[in-house]
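Everything below concerns the one structure shown next.
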Amino acid sequence: MPLAQIIGTGSYAPAQVITNKDLEKFVDTSDEWIVERTGIRERRKAAPGETTSDMAVAAAREALAMAGVRPEDLELIVVGTITADMPMPSCAVFVQAKLGAGRAFAFDVAAACAGGVYALSVAEQFIRTGQVKRALVIGADLFTGVLNWNDRNTCVLFGDGAGAMVLAPAQEEGRGLLSTHLRTDGALAEILTIPAGGSREPLTEENIRTQRHKLNMNGREVFKCAVRELTSITHEALKVHGLTTSQVDHFIAHQANLRILEAVMQRIEIPLEKCWINLDKYGNTSAASVPIALDEANRAGRLKRGDIVVMVAIGSGMTWGCAVVRW
Ligand code: ACO
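Each residue of the sequence shown is one higher than the one before, starting from 2 at the first, in our numbering.
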């Protein structure tokens, strides 16, 4: 069975920039603190009325153009998101309609910041089995809408955006997605949640007043889990292919915090120069983070034919995943 190959990438970030200095105006923080603790300098915010599917479609159009694939040729659309346009139906159905991709079946994958890698892994399975020949994978989140703008622990970290990939069966043996690896530890669910708005805590005036329908995070626990699991899954995934970390050409990692990236890179002994870093510009764009980074590295001409590219992401759940690609 052929491997799935990424034949096009695209990304989109809204025009409005919010700098750390802008945040200083309404929350007790400073540019120095944010840069030193996270590496983030600015992030993007969707325009009023702009939806997650609008961002997803913008990224998708770029990826489709690069791949030379028409929307009507798509057979599958998978969107990694936890901030869909509405609770029902999925973000993916709006993407399908806006693109005019009438042949594609479409659904969302909810794995928070790991959503891009989870969606990629799901689509990969359909290509590998031969059931689908052209798949569109998107990671998109409009996180500024679920932030408590009074909570300095979280509101400085995130931004909005979308990234996309088009998958097709590889035309050359040995090239493509060598494997994807997904992991979950639901015992850690409570360290990163949006507590209200679901069946456990339906929306009420009271929980809206106390902002329980917004993101709630134990930053230190998330930090420790991210470093531990991203390190371990990278080793695990490379081992399957008899590869060592020294053979990795590019590390495309979830852009949550520069200190997380530095700690992981140090542990897996891959120089930081091999890691694409854009969190200074976008902050944490959740499911969009890895697809945006991949697209930027691709468009910068960094990814050469035959290179080993490792993608890793981690998010609420906790959920995490890794993809190993021979480009
Ligand atoms: N500005 C100023 N001070 C702040 C801010 C802020 N924006 N945020 C927190 N502080 C304060 C805290 O209140 C605390 O003050 P105190 O000592 O008086 O209580 C102090 O800074 C230190 O807080 P810590 O939590 O120890 O700071 P830390 O160095 O751990 O950094 C951070 C916090 C940036 C949240 C870090 O823990 C982190 O990045 N964790 C990972 C979170 C993450 O990436 N989440 C994304 C979602 S999941 C994912 O993508 C993996």
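Each residue gets a CB set at the ideal place from its N, CA and C atoms; glycine is no exception.
Residue state for K46 is assigned as strand, using DSSP reduced to three classes. Bounds of the beta strand (DSSP E) holding M166 are 161-170.
Assigned with DSSP and collapsed to three states, L75 falls in coil, not helix or strand. In terms of CA proximity to I261, F224 leads the group F224, V18, V123. For D109, the enclosing beta strand (DSSP E) has its first and last residue at 106-110.
DSSP places T245 in the coil class of the three-state scheme, outside both helix and strand. Between the alpha carbons of R62 and I293 lies a gap of roughly 14 angstroms. Taken atom to atom, the span from the alpha-carbon of Y119 to that of G316 is near 11 angstroms.
Relative to the Cα of L259, the nearest Cα in the group R306, A14, I35, L189 belongs to I35.
Annotation: the continuous alpha helix (DSSP H) that includes M266 extends over 259-269. For the ligand ACO, a non-hydrogen atom lies closer than 6 angstroms to the CB of I315. Nearest to A111 by C-alpha distance, out of I78, G131, D296, A288, is A288.
Cβ atoms of W277 and R184 stay farther apart than 8 angstroms, at about 22 angstroms. DSSP lists H182, V313 as the bridge partner or partners of C323.
In the three-state scheme derived from DSSP, where H, G and I count as helix and E and B as strand, G117 is classed as helix.
I8: member of the beta strand (DSSP E) spanning 5-13, first to last residue. For A66, the uninterrupted alpha helix (DSSP H) run begins and ends at 53-68, by DSSP.
Between G116 and G140, the gap from beta carbon to beta carbon is short of 7 angstroms. Contact holds between the segment 151-166 and the segment 54-74, because three or more Cβ pairs, one in each stretch, are under 8 angstroms apart. Between E206 and H255, the alpha-carbon positions lie close to 35 angstroms from each other. Shortest Cα-Cα distance from C114 to any of T194, I41, S247 involves T194. The Cβ atoms of T39 and D86 do not sit closer than 7 angstroms to each other. Rounded to the nearest angstrom, the gap between the Cα atoms of A227 and H182 is 15 angstroms.
Note on geometry: alpha-carbon atoms of A238 and V96 lie some 31 angstroms from one another. Set against 6 angstroms, the gap from the CB of V223 to the closest heavy atom of the ligand ACO is smaller. Distance from C323 to V311 at the Cβ level is roughly 7 angstroms; contact confirmed, criterion being Cβ atoms closer than 8 angstroms. Using a Cβ distance threshold of 7 angstroms, K46 and V147 do not count as a contacting pair. Boundaries of the alpha helix (DSSP H) harbouring F95: 92-100, taken from the DSSP string. With distances taken between CA atoms, G302 lies nearest to W328 out of A314, W328, R229, G318. DSSP places T155 in no beta strand (DSSP E) but in the uninterrupted alpha helix (DSSP H) bounded by 153-156.
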